[in-house]
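Read through the structure below, which is laid out as structure tokens, and then see the notes.
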Amino acid sequence: MAQRRHARHLRGAARHRPGGRPQWDHRPPDRPRHLPVPLLSTAEPLFRGHERRLKTTAVTRTTPTHPTDTRRAEAQRLETQGQHSPHAAAETLAQIRAHLEPVIRGQPRAIRLLLVALVSGGHVLLEDVPGTGKTTLAKALARALRADFRRVQFTPDLLPTDILGGSVFDPAARSFELRRGPVFTQILLADEINRASPRTQSALLEAMGEAQVSIEGTTHPLDPLFFVIATQNPVEFHGTYPLPEAQLDRFALRFGLGYLAPDEEVEVLARHRLGEPLSRIEPVAAPADILALRTQAAEVAVDPAVARYMVDLTRATRATEGVTLGAGLRASLALMKSAQVLALMDRLDFVTPDHVQELAVAVIAHRLVLDSQARFGGLSAEAVVTRLIEQLEPPR
């Protein structure tokens with residue numbers, strides 16, 4: 001009976017409200033009674049007085065971080081930092097050198113300079129007499145890096161299309177297709193480059209300077225690792241064409257290997273009795289590792305005083321007596337990039353004047369042109385650079 005009286009009381013109270021609706025009915029006056037009331041109304045919250053508390057809770061609620069996740073993130077950060085440290089980079093380069101030295105005995109300086117040119121993104125000109133291991137050094141490097149390797153024997157009848165490639169008609173498809181030449185590789189050995197005509201030699205200018213080639217008006221990018229190792233014989237002049245200055249300027253370094261000491265030659269004979277040493281080289285790195293080292297080497301610090309020392313050294317070649325053509329800006333850039341790699345090899349994150357002095361002859365000498373009087377007087381470009389190193393005061 002009490003429940004019935006309570007219901008009649010609610011119905012009676014509703015008659016005195018607008019629309020004749022009970023107090024708990026929050027529908028608008030024009031809303032039909034048969035439509036349900038939404039559980040959450042944007043105009044009137046269901047839980048009055050608690051909307052501020054609900055919003056505050058929704059904003060401030062966060063997911064707690066587990067201590068294990070924090071330690072794992074810190075470990076990953078330290079691991080990444082360790083991989084990009086000078087010690088890790090030096091260790092990678094040391095492993096490559098350790099695999100090359102048993103094959104190229106007695107040439108630690110040549111291996112060191114070759115890796116400097118590779119990591120700095122430059123190219124190398126090996127100038128020495130036959131039989132000193134120039135070709136073997138190039139092949140050994142390609143094996144140690146698991147890199148794509150192509151060799152081109154330069155001859156007087158070699159054409160630019162033999163290096164770059166060209167369009168060939170496909171009868172089946174009735175269209176022309178690009179047949180890529182040996183320049184589309186990662187490590188290219190240009191053997192006896194001075195035996196080809198200047199026209200053929202110039203085919204490598206764009207490839208070495210811009211890492212791309214133009215074939216019939218279309219530009220084709222080369223592999224990011226693209227690295228040229230060119231060889232030439234400085235003694236034999238019959239049937240050769242001297243490299244033009246523009247071509248020489250594209251090489252970051254030029255150096256020779258020289259003959260081995262007697263004990264080292266005996267050791268080479270003993271190793272060859274057990275088989276070809278080149279076939280026993282196992283890959284210790286990949287092209288991606290070299291690209292990562294290039295990025296890391298670019299971050300090695302160069303003090304403004306050391307940079308000024310590099311510029312003064314190259315500019316001094318232009319004002320030296322007996323030098324017709326001195327070193328340009330490309331020499332300064334090559335010297336800086338090479339010194340950064342050398343510092344990385346020495347487990348340093350900054351360049352020192354000693355790095356500059358060690359590389360100056362290999363980077364600058366081949367870019368100089370001496371006049372006839374200096375050449376007949378026995379002056380060499382290497383002697384000019386060495387004398388300038390002795391005269392210029394390095395920064396302290």
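Residues 1 to 396, numbered by UniProt numbering, are exactly what the sequence shown covers, in order. Using N, Cα and C, we set each Cβ at its ideal position, and we do this for glycine too.
Pop quiz: residue i and residue j are said to be a contact at Cβ under 8 Å. What is the actual Cβ separation, rounded to whole angstroms?
i, j, result
"L222", "V183", "7 Å"
"A230", "A196", "With 8 Å as the limit, A230 and A196 do not qualify as a contact, their Cβ atoms being about 10 Å apart."
"G106", "E276", "Not quite, the Cβ-Cβ distance comes to about 18 Å (not below 8 Å), so this is no contact."
"L278", "R143", "7 Å"
"L359", "V323", "Actually they are not in contact, since the Cβ atoms of L359 and V323 sit about 19 Å apart, beyond 8 Å."
"N233", "V129", "6 Å"
"V284", "I96", "6 Å"
"L248", "I215", "Between I215 and L248 the Cβ distance is about 25 Å, and since that is not below 8 Å, they are no contact."
"A286", "P395", "That pair is no contact at about 38 Å."
If you follow the alpha helix (DSSP H) that residue i is part of, which residue opens it and which one closes it?
i, result
"P221", "That residue, P221, is in no alpha helix (DSSP H); its beta strand (DSSP E) goes 218 to 221."
"I389", "381 to 391"
"E127", "Where E127 is concerned, there is no enclosing alpha helix (DSSP H), although the beta strand (DSSP E) it sits in stretches over 124 to 127."
"V300", "Segment: none, V300 is in no alpha helix (DSSP H) and carries neither H nor E."
"Q247", "245 to 248"
"A117", "108 to 120"
"residue 450", "Nothing in the structure corresponds to residue 450, since the chain is present only between 1 and 396."
"L164", "160 to 164"
"T240", "T240 -> no alpha helix (DSSP H), and no H or E assigned at all."
"R199", "198 to 201"
Let's see if you can read the secondary structure: which residues bound the beta strand (DSSP E) around residue i?
i, result
"D354", "Here D354 belongs to no beta strand (DSSP E); instead the alpha helix (DSSP H) covers 353 to 364."
"F176", "175 to 180"
"R375", "Note, R375: premise wrong, no beta strand (DSSP E); alpha helix (DSSP H) at 372 to 376."
"D191", "187 to 191"
"A230", "227 to 232"
"V213", "212 to 215"
"Q153", "149 to 153"
"T324", "323 to 325"
If you drop the 5 nearest sequence neighbours on each side, which residues of the same chain put their C-beta closer than 6 Å to that of residue i?
i, result
"T341", "The residue asked about is misnamed: residue 341 is Val in this sequence, not Thr. These residues qualify, in order along the chain: V116, V119, S120, A297."
"F169", "F176"
"H355", "A339, L342, A343"
"W24", "Confidence at W24 is low in this model, with a pLDDT of 49, below 50, so the placement of that residue is unreliable and no value is reported for it."
"L188", "R150, V228"
"H220", "V213"
"T132", "L257"
"A75", "Because A75 sits at a pLDDT of 45, beneath the cut-off of 50, its placement in the model cannot be relied upon, and the following sentence gives the value as read from the coordinates. For A75, where only same-chain residues beyond five positions count, there are no Cβ hits under 6 Å."
For residue i, I'd like the list of residues in its chain whose CB is within less than 8 Å of its CB, leaving aside the five on either flank, ordered along the chain.
i, result
"V302", "M336, A339, Q340, F350, V351"
"A58", "Bear in mind that a pLDDT of 43 at A58, under 50, signals an unreliable position, so the number given afterwards is only what the model happens to contain. Counting only Cβ-Cβ distances below 8 Å, and skipping sequence neighbours, we find nothing."
"R271", "P102, R105, P277"
"A334", "S120, G122, A252, L253, V363"
When burial is assigned at 16 or more other CB atoms within 10 Å of the CB, is residue i buried or exposed?
i, result
"H99", "buried"
"R254", "buried"
"S332", "buried"
"A381", "buried"
"T153", "The sequence given here places Gln at residue 153; Thr does not occur at that position. With fewer than 16 Cβ atoms within 10 Å of its Cβ, Q153 is classed as exposed."
"V266", "exposed"
"F376", "exposed"
"A89", "buried"
"V384", "buried"
"R273", "exposed"
"P86", "buried"
"L269", "exposed"
"R199", "exposed"
"E127", "buried"
"E192", "buried"
"G217", "exposed"
"G181", "buried"
"E390", "exposed"
"P353", "buried"
"Y259", "exposed"
"L329", "exposed"
"V300", "buried"
"T314", "buried"
"A365", "buried"
"A374", "buried"
So, for residue i: in the same chain, excluding its five sequence neighbours on each side, which residues have a beta-carbon less than 7 Å away from its beta-carbon?
i, result
"T386", "V361"
"A203", "P160, I163, L164"
"T63", "In this prediction, T63 scores a pLDDT of 45, lower than 50, which makes its location untrustworthy; the coordinate-derived value is nonetheless stated afterwards. Excluding residues within five positions, none has a Cβ falling inside 7 Å."
"T155", "R195, A196"
"P108", "E101"
"E79", "At E79, the pLDDT of 46 sits below 50, so the modelled position is not reliable; the number obtained from the coordinates is stated separately. Cβ neighbours of E79 beyond the five flanking positions: none."
Have a look at the DSSP bridge pairing and note the partners of residue i.
i, result
"I96", "According to DSSP, which records beta bridges pairwise, I96 is partnered with nothing at all."
"V341", "In the DSSP output, where bridge partners are listed per residue, V341 has none listed."
"D170", "S175"
"R254", "L125"
"G133", "According to DSSP, which records beta bridges pairwise, G133 is partnered with nothing at all."
"F350", "A301"
"G328", "DSSP output for G328 lists no bridge partner at all."
"V311", "According to DSSP, which records beta bridges pairwise, V311 is partnered with nothing at all."
"V369", "L325"
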